[in-house]
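Written out below as structure tokens is the structure these notes cover.
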Amino acid sequence: MLHIKDLHAGVEEKEILKGIDLDVKPGEVHAIMGPNGSGKSTLASVIAGKEEFEIIKGDLEFEGEDISELDPEERAHKGLFLSFQYPVEIPGVSVTNFVKTAINETRKAKGQKDMPAGEMLKKIKEKADLLEIDRKFLSRSLNEGFSGGEKKRNEIFQLAMLEPKLAILDETDSGLDIDALKVVANGVNKLKSKDNAVIVITHYQRLLDYIVPDYVHVLMGGKIVKSGNKELAKELEAKGYDWIKEELV
Ligand SMILES: Nc1ncnc2c1ncn2[C@@H]1O[C@H](COP(=O)(O)OP(=O)(O)OP(=O)(O)O)[C@@H](O)[C@H]1O
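With numbering that gives the first Met the number 0, the residue at position 238 of the sequence shown is 237, and numbering never jumps.
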């Protein structure tokens with residue numbers, strides 16, 4: 000689904016990612032961990048196509064197609080979802096209206112008509128019930144006065160409605176308390192299927208107790224320096240990152 004090979008990328012003159020290799024297949028959950036400033040958020044931004052980042056060299060393919068030249072909206076229409084892609088507060092635009100627009104834009108990009116209102120309502124109801132989201136929440140203004148947990152609920156609701164093929168959840172600086180962490184984890188677990196994949200970027204081993212990853216990768220200095228299974232996350236929690244640095248010397 001996602002194929003990244005020898006990817007080098009950065010901002011302006013600065014190289015941040017220095018040769019990333021990563022393959023993600025349908026049905027898989029990958030966790031990316033690593034010390035502050037190692038390039039985790041940059042990797043998410045480069046995959047999603049944020050404009051300030053530039054690819055220097057390497058392959059970035061999604062479903063067999065080179066996406067490195069596509070803008071973020073085009074990537075989203077192909078089924079990529081990045082959390083925090085829309086962190087803005089939009090007064091007067093409700094959680095529901097925002098998601099309706101996003102769905103219809105994706106349909107338009109595929110040459111389809113708007114989703115009929117009845118079908119949209121049914122889907123909203125279904126997903127809100129699945130995620131135990133209160134109806135009142137759905138009519139609130141986007142992100143206006145949202146708590147950390149509510150922001151996460153909104154994001155997971157977007158994820159549920161948009162049904163992306165690959166979701167990248169950047170949880171590194173979201174200040175997740177235990178409730179927000181559970182919102183993310185429960186949401187991801189309910190939405191996981193054999194056809195979609197998730198990349199979770201996190202500092203919290205605890206999150207990975209709830210979302211069990213198939214693979215854990217350690218990013219350091221712009222490279223994936225170690226990969227393993229969920230036990231690696233536990234080892235990192237217990238021992239920190241220094242032992243990996245020592246292994247690399
Ligand atoms: N827009 C930018 N302009 C300049 N430098 C940047 C930019 N974005 C990231 N960097 C630099 O790139 C490096 C990697 O940053 P990044 O945010 O990807 O790390 P991270 O692993 O996500 O860190 P954290 O765990 O602290 O969230 C850092 O040195 C950072 O200062």
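Every residue gets a Cβ at the ideal spot worked out from N, C-alpha and C, and that includes glycine. Here the structure is a predicted model, which means the values were calculated and not measured.
Nearest-angstrom Cα separation, counted from residue j out to residue i
{"i": "Val224", "j": "Ser192", "result": "28 angstroms"}
{"i": "Glu27", "j": "Glu11", "result": "33 angstroms"}
{"i": "Ala237", "j": "Ala179", "result": "23 angstroms"}
{"i": "Gly221", "j": "Lys39", "result": "8 angstroms"}
{"i": "Met119", "j": "Lys99", "result": "8 angstroms"}
{"i": "Lys107", "j": "Asp113", "result": "7 angstroms"}
{"i": "Arg139", "j": "Asn188", "result": "25 angstroms"}
{"i": "Ser286", "j": "Gln204", "result": "Given a span of 0 to 248 for the chain in the structure shown, any question on residue 286 remains unanswerable."}
{"i": "Pro71", "j": "Glu170", "result": "19 angstroms"}
{"i": "Gly57", "j": "Arg152", "result": "35 angstroms"}
{"i": "Pro25", "j": "Leu165", "result": "8 angstroms"}
{"i": "Glu249", "j": "Glu125", "result": "Limits of the chain in this structure are 0 at one end and 248 at the other, which puts residue 249 out of reach."}
{"i": "Phe80", "j": "Glu245", "result": "35 angstroms"}
{"i": "Glu14", "j": "Phe52", "result": "10 angstroms"}
{"i": "Phe136", "j": "Gln111", "result": "29 angstroms"}
{"i": "Ser93", "j": "Leu158", "result": "16 angstroms"}
{"i": "Ala116", "j": "Asn103", "result": "11 angstroms"}
{"i": "Asn35", "j": "Gly239", "result": "12 angstroms"}
{"i": "Asp5", "j": "Arg74", "result": "20 angstroms"}
{"i": "Gly18", "j": "Thr105", "result": "32 angstroms"}
{"i": "Leu16", "j": "Ala8", "result": "5 angstroms"}
Of the residues the options, the one placed nearest residue i, counting alpha carbons only
{"i": "Met160", "options": "Leu206, Gly186, Ser40, Ser67", "result": "Gly186"}
{"i": "Ile46", "options": "Pro163, Leu59, Val182", "result": "Leu59"}
{"i": "Ser82", "options": "Asp70, Tyr209, Glu234, Val199", "result": "Val199"}
{"i": "Asn228", "options": "Gly239, Tyr240, Glu234, Val215", "result": "Val215"}
{"i": "Lys181", "options": "Glu14, Ile132, Lys13, Tyr209", "result": "Tyr209"}
{"i": "Leu190", "options": "Glu162, Leu6, Asp5", "result": "Glu162"}
{"i": "Thr41", "options": "Gly239, Leu168, Asp213", "result": "Leu168"}
{"i": "Glu154", "options": "Lys109, Ala101, His202, Asp194", "result": "Ala101"}
Beta-carbon gap between residue i and residue j smaller than 9 angstroms
{"i": "Phe97", "j": "Leu130", "result": "no"}
{"i": "Leu141", "j": "Glu88", "result": "yes"}
{"i": "Lys77", "j": "Glu64", "result": "yes"}
{"i": "His29", "j": "Ala196", "result": "yes"}
{"i": "Ser37", "j": "Met219", "result": "yes"}
{"i": "Leu206", "j": "Val183", "result": "yes"}
{"i": "Ile243", "j": "Val211", "result": "no"}
{"i": "Ile123", "j": "Thr95", "result": "yes"}
{"i": "Gly144", "j": "Asp176", "result": "no"}
{"i": "Asp20", "j": "Leu1", "result": "no"}
{"i": "Met32", "j": "Leu235", "result": "yes"}
Per DSSP, the bridge partner or partners of residue i
{"i": "Val23", "result": "Leu1"}
{"i": "Glu14", "result": "Gly9"}
{"i": "Lys56", "result": "His7"}
{"i": "Glu64", "result": "Phe61"}
{"i": "Val140", "result": "Before going further, note that residue 140 is Ser rather than Val in the sequence given. In DSSP, Ser140 forms a bridge with Ser93."}
{"i": "Met32", "result": "Val217"}
{"i": "Leu165", "result": "Leu79, Ala196"}
Residue i beta carbon near ligand 3 (any heavy atom closer than 8 angstroms)
{"i": "Phe52", "result": "Absence of ligand 3 is noted for the structure shown, with ligand 1 being the only ligands found."}
Note down, one range per segment and in chain order, each alpha helix (DSSP H) of at least 4 residues found wholly within the segment 73–138.
Restricted to the segment 73–138, the alpha helix (DSSP H) segments that are unbroken, complete and at least 4 residues in length are 94–108, 116–129, 134–137, listed in chain order.
Note down, one range per segment and in chain order, each alpha helix (DSSP H) of at least 4 residues found wholly within the segment 168–239.
Secondary structure in the segment 168–239: the alpha helix (DSSP H) runs of 4 residues or longer, each lying completely within the stretch, are 177–190, 206–209, 229–238 in chain order.
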